[in-house]
Amino acid sequence: MFSGFDFNVIERSWRYLFFDGMEFTLRLTLFAMAGGVVFGTLLAMMRLSSIKPLAWIAGTYVNVLRSVPLVLVIFWFYFLVPYMGAWVVRSDTPIHVGAFASCLLTFTMFEACYYCEIMRAGIQSISRGQVSAGYAIGLNYWQTMGQIVLPQAFRNMVPILLTQTIVLFQDVSLVYVLSITDFVGAASKVAQRDGRLVEMYTFVALIYFISCFALSLLVRKLQARIAVVR
Amino acid sequence: MHYHWNWRIYWQQSPDGSGTYLHTLFVGLGWTLALALLAWAIALLLGIVVGVIRTTPLRWLERIGNAYVELFRNIPLLVQMFLWYFVMPELVPTALGDWIKQMPPPWGAFVPAVLCLGTFTSARVAEQVRAGINSLSRGQGMAGTALGLTLPQTYRYVLLPMALRIIVPPLGSEFLNIIKNSAVALTINVVELTASARAMQEYSFQVFEAFTAATVIYLLVNLVVVLLMRLIERKIAVPGLIGPSGGPAPAGH
Amino acid sequence: MIEIKDISKWYGTFQVLTQCSTRVSKGEVVVVCGPSGSGKSTLIKCVNGLEPFQKGEIRVDGISVGDPKTNLPKLRARIGMVFQNFELFPHMTVSQNLTLAQVKVLGRSQEAALAKGMALLDRVGLKAQADKHPGNLSGGQQQRVAIARALCMDPIAMLFDEPTSALDPEMINEVLDVMVQLAQEGMTMMCVTHEMGFARRVAHRVIFMDHGSIVEDATKDDFFGKPRSERAQQFLSKILHH
Numbered sequence: 006m007f008s009g010f011d012f013n014v015i016e017r018s019w020r021y022l023f024f025d026g027m028e029f030t031l032r033l034t035l036f037a038m039a040g041g042v043v044f045g046t047l048l049a050m051m052r053l054s055s056i057k058p059l060a061w062i063a064g065t066y067v068n069v070l071r072s073v074p075l076v077l078v079i080f081w082f083y084f085l086v087p088y089m090g091a092w093v094v095r096s097d098t099p100i101h102v103g104a105f106a107s108c109l110l111t112f113t114m115f116e117a118c119y120y121c122e123i124m125r126a127g128i129q130s131i132s133r134g135q136v137s138a139g140y141a142i143g144l145n146y147w148q149t150m151g152q153i154v155l156p157q158a159f160r161n162m163v164p165i166l167l168t169q170t171i172v173l174f175q176d177v178s179l180v181y182v183l184s185i186t187d188f189v190g191a192a193s194k195v196a197q198r199d200g201r202l203v204e205m206y207t208f209v210a211l212i213y214f215i216s217c218f219a220l221s222l223l224v225r226k227l228q229a230r231i232a233v234v235r
Numbered sequence: 528m529h530y531h532w533n534w535r536i537y538w539q540q541s542p543d544g545s546g547t548y549l550h551t552l553f554v555g556l557g558w559t560l561a562l563a564l565l566a567w568a569i570a571l572l573l574g575i576v577v578g579v580i581r582t583t584p585l586r587w588l589e590r591i592g593n594a595y596v597e598l599f600r601n602i603p604l605l606v607q608m609f610l611w612y613f614v615m616p617e618l619v620p621t622a623l624g625d626w627i628k629q630m631p632p633p634w635g636a637f638v639p640a641v642l643c644l645g646t647f648t649s650a651r652v653a654e655q656v657r658a659g660i661n662s663l664s665r666g667q668g669m670a671g672t673a674l675g676l677t678l679p680q681t682y683r684y685v686l687l688p689m690a691l692r693i694i695v696p697p698l699g700s701e702f703l704n705i706i707k708n709s710a711v712a713l714t715i716n717v718v719e720l721t722a723s724a725r726a727m728q729e730y731s732f733q734v735f736e737a738f739t740a741a742t743v744i745y746l747l748v749n750l751v752v753v754l755l756m757r758l759i760e761r762k763i764a765v766p767g768l769i770g771p772s773g774g775p776a777p778a779g780h
Numbered sequence: 251m252i253e254i255k256d257i258s259k260w261y262g263t264f265q266v267l268t269q270c271s272t273r274v275s276k277g278e279v280v281v282v283c284g285p286s287g288s289g290k291s292t293l294i295k296c297v298n299g300l301e302p303f304q305k306g307e308i309r310v311d312g313i314s315v316g317d318p319k320t321n322l323p324k325l326r327a328r329i330g331m332v333f334q335n336f337e338l339f340p341h342m343t344v345s346q347n348l349t350l351a352q353v354k355v356l357g358r359s360q361e362a363a364l365a366k367g368m369a370l371l372d373r374v375g376l377k378a379q380a381d382k383h384p385g386n387l388s389g390g391q392q393q394r395v396a397i398a399r400a401l402c403m404d405p406i407a408m409l410f411d412e413p414t415s416a417l418d419p420e421m422i423n424e425v426l427d428v429m430v431q432l433a434q435e436g437m438t439m440m441c442v443t444h445e446m447g448f449a450r451r452v453a454h455r456v457i458f459m460d461h462g463s464i465v466e467d468a469t470k471d472d473f474f475g476k477p478r479s480e481r482a483q484q485f486l487s488k489i490l491h492h
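Which chain is which? The protein sequence lines are A, B and C, in order.
In terms of the working numbering, the first sequence is residues 6 to 235.
In terms of the working numbering, the second sequence is residues 528 to 780.
In terms of the working numbering, the third sequence is residues 251 to 492.
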């Protein structure tokens with residue numbers, strides 16, 4: 006079936022694929038996960054807040070971003086970030102922000118909405134009694150959240166947060182629409198240059214499948230362990 | 528900041544000669560909906576079949592079903608899009624491959640995009656169908672078989688009607704997902720809504736007007752779907768049963 | 251009518267049934283009792299092949315249940331079964347529950363099936379509820395509908411798997427009354443139940459199971475007179491004096 010195909014192209018380009026492409030993908034995934042979880046947790050706390058305007062703002066933000074395609078969000082931020090940068094440094098003209106920084110902001114802001122919903126479910130799964138107990142021993146809101154509620158919520162939700170991170174790892178491939186050299190972008194450039202689309206895309210699919218499948222098996226193991234401890 | 532807003536841009540003629548920019552956007556919406564609806568039909572059909580075989584007592588069938596779901600879950604949608612568009616025509620018999628490659632635009636990209644979105648979503652539907660069937664008590668299936676129904680009849684009349692009712696809300700969100708995911712088809716040159724907005728931005732340089740319009744249209748479509756789903760949920764509610772309470776949202780979008 | 255010969259069954263390495271043998275003749279009412287986990291529900295589910303078994307033979311009306319060549323759906327259609335949790339189909343109305351298998355399995359016309367269903371519904375005193383959904387009925391009503399659903403198939407025998415255990419006490423009698431009437435009309439019945447009052451009134455024989463084995467298989471009078479095994483005595487004293 007693969008006669009006439011040339012898989013040597015992978016041997017010739019693997020350094021570029023992994024050290025340039027995959028490096029970008031992984032770096033973006035990890036940083037966006039960290040940023041997304043932090044911002045998402047904040048959003049979750051806002052959504053659950055008794056201060057109505059805060060809850061409304063966070064709710065609207067999350068619902069709007071969850072209603073539009075990631076590709077569109079990527080375009081939005083790609084054009085918006087230079088203006089946001091200009092506003093921050095009080096410049097008159099849009100400033101140039103690097104591809105990585107721009108993508109990082111995009112994915113942090115976008116994935117935060119999904120992490121938010123996970124953390125919200127996690128926080129809600131902690132009984133009201135825990136909060137009352139926190140207040141009863143004299144902790145304030147932030148202490149109760151930080152010392153009692155969030156650690157438990159986070160722990161319960163670790164498997165789902167990790168599963169979402171696997172989704173994020175796959176989502177990062179969409180920076181392709183900005184012609185950025187992530188793993189898919191790198192493969193695509195080699196593919197176009199050498200006219201080896203079939204070989205390269207099959208290889209890319211294989212690498213993604215192996216890594217995501219392995220990760221999801223790990224998550225499942227972790228989930229089983231957490232379930233036992235509980 | 529120097530950005531020149533021009534909200535009247537929507538009523539100006541697009542240089543591609545087809546009409547106003549607004550018209551361009553609505554044509555894009557049309558393709559988005561066509562893509563989503565056709566792919567949804569495939570996703571439901573395949574998803575129910577795969578979901579069902581993952582609950583049958585036959586182990587090898589269950590394994591095939593599991594492998595199917597894992598395959599579509601663990602490869603990014605973008606890469607799957609490329610596989611259907613670039614790779615699939617090279618792997619099928621030459622005559623068929625040539626026929627696919629010679630399909631006139633936009634069909635040459637639209638058909639792979641539908642197949643891609645349909646199969647991708649079918650794996651997610653299959654997961655829901657399996658969960659729905661497994662949430663029914665084992666006694667339901669037994670009651671069907673005890674009455675003399677065959678296994679297919681038990682699924683057809685007893686298990687599936689109930690399971691599908693239970694999973695209507697998650698299926699609703701999967702349908703919203705398929706609309707959003709259809710934007711990935713722009714990478715293989717299907718000019719759906721997001722691509723139309725991008726084209727408008729490139730022609731008119733009115734970046735934010737173009738993306739605002741697309742965002743608003745996506746939000747409105749979302750709203751319509753949510754309202755429709757509510758209607759459907761009310762229509763098919765089983766008297767005497769309280770709606771199933773949803774657990775924590777699964778990861779994904 | 252029902253012959254059970256040396257049935258053994260394992261879940262993995264765990265043995266749930268050990269060489270169980272008994273028989274239920276035509277028109278006979280047999281009550282199966284025993285502590286929970288004794289395998290009585292499993293045994294009764296083996297009779298119509300809902301649970302597979304690894305050793306032994308069960309024949310219903312001369313047809314072997316374990317034989318892979320047996321058309322199980324056809325055989326099951328002739329044996330009525332009533333479950334602990336009713337297992338009515340919640341998305342169908344009561345009358346749809348009653349007609350489904352008549353039409354799909356026996357090939358009766360919709361009208362004939364409905365007429366039959368309504369007649370039996372009337373018999374269990376629920377004719378007025380025909381168009382309701384199971385979720386809108388009380389547990390006792392649901393179980394009576396479930397009995398009617400089984401009777402619609404003109405069964406040659408009825409299996410009851412703890413038909414009253416999921417019911418509130420005040421609803422138990424309305425279900426037992428239907429069962430007693432059925433027994434008095436000569437229906438062949440095998441009932442897993444703890445209702446010893448029911449057993450005293452209509453049972454011909456009582457089987458006592460413990461740890462997956464049949465410990466006692468006696469006529470009603472012998473069983474209630476003086477059970478031979480110590481386990482059965484203990485069980486009876488517990489169940490009768492509370």
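Backbone N, C-alpha and C fix where the C-beta goes; we use that ideal spot for every residue, glycine too.
If you compare the alpha carbons of C:S463, C:H461 and C:F474 with that of R450 (chain C), the shortest gap goes to C:F474. Straight-line spacing of the CA atoms in I79 (chain A) and W634 (chain B) works out to 26 Å. Beta-bridge analysis with DSSP links W538 (chain B) to no other residue. Inter-segment contact for the region 735-753 of chain B and the region 70-84 of chain A is present: three or more beta-carbon pairs are separated by less than 8 Å. Look at C108 (chain A): its C-beta is not under 8 Å from any C-beta on chain B. Between R198 (chain A) and D11 (chain A), the C-beta gap is not smaller than 8 Å, which leaves the two residues out of contact. The beta carbon of G699 (chain B) lies closer than 6 Å to those of M756 in the same chain, with the five residues before and after it left out.
Contact check for I536 (chain B) against S731 (chain B) passes: the beta carbons are separated by less than 8 Å. Secondary structure remark: continuous alpha helix (DSSP H) runs of at least 4 residues inside the region 575-650 of chain B, in chain order: 586-600, 604-609, 615-618 and 621-628. In terms of Cβ geometry, V395 (chain C) and P384 (chain C) form a close pair [threshold 8 Å]. Between F339 (chain C) and chain B, the shortest Cβ-Cβ separation is below 8 Å. At the C-beta level, I602 (chain B) and A126 (chain A) stay beyond 8 Å of one another.
Note: M408 (chain C) is bridge-paired with C:G330 and C:M439 in the DSSP secondary-structure output. Comparing C-alpha distances from W81 (chain A) to each of B:R725, B:V753, B:L758 and B:K762 shows the shortest one belongs to B:R725. Within the same chain, P477 come within 6 Å of Q483 (chain C) by CB-CB distance, once the 5 residues on both sides are set aside. Residues of the same chain with a CB within less than 6 Å of the CB of V42 (chain A), apart from the 5 flanking positions on each side, are Y120 in chain order. Residues of the region 655-681 of chain B that bring their beta carbon within less than 7 Å of a beta carbon in chain C comprise S664, G666, Q667, M669, A670, T672, A673, L674, G675, L676, T677 and Q680, in sequence order.
Contact annotation for L768 (chain B) against chain C: P340 and G385 [CB-CB distance below 7 Å, chain order]. Contact annotation: in the region 66-92 of chain A, residues whose CB is within less than 8 Å of a CB in chain B are V69, R71, S72, V73, P74, L75, V76, L77, F80, W81, F84, L85, Y88, A91 and W92. Runs of the alpha helix (DSSP H) lying entirely within the region 50-133 of chain A and spanning at least 4 residues, in chain order: 57-72, 75-93 and 104-130. With 16 or more other Cβ atoms inside 10 Å of its own Cβ, G675 (chain B) counts as buried. Listed along chain C, the residues sitting closer than 7 Å to R692 (chain B) by beta-carbon distance are H341. Cβ atoms of F485 (chain C) and C441 (chain C) stay farther apart than 8 Å, at about 16 Å. Close CB contacts of F303 (chain C) within its chain, under the 8 Å cut and outside five residues either way in sequence, are with I257, S258, K259, L267, C296 and G316 (chain order). Only Y206, T207, V209, A210, Y213, F214, C217 and F218 from the region 204-218 of chain A bring a Cβ to less than 7 Å from some Cβ of chain B.
Per DSSP, reduced to three states, the secondary structure at Y745 (chain B) is helical. The beta carbon of L605 (chain B) sits closer than 7 Å to the beta carbons of V711 and T714 from its chain, once the five residues preceding and following it are set aside; these are given in chain order. A378 (chain C) counts as exposed, since fewer than 16 other beta carbons sit within 10 angstroms of its beta carbon. Burial check for N298 (chain C): the Cβ neighbour count within 10 Å reaches 16 or more, so the residue is buried.
Residue pairing by DSSP places V274 (chain C) opposite C:I252 in a beta bridge. The alpha-carbon separation between E719 (chain B) and W558 (chain B) amounts to approximately 5 Å. Going by C-alpha positions, N533 (chain B) is about 28 Å away from I706 (chain B). Here Y682 (chain B) really is in contact with V579 (chain B); their C-beta atoms are around 6 Å apart, less than 8 Å. At a beta-carbon threshold of 9 Å, none of the residues of chain B lie near Q157 (chain A); the nearest stands roughly 14 Å away. The residues A416, in chain order, have a CB closer than 6 Å to that of N335 (chain C) in the same chain once the five nearest residues on each side in sequence are set aside. Here the alpha carbon of E28 (chain A) sits roughly 12 Å from the alpha carbon of W19 (chain A).
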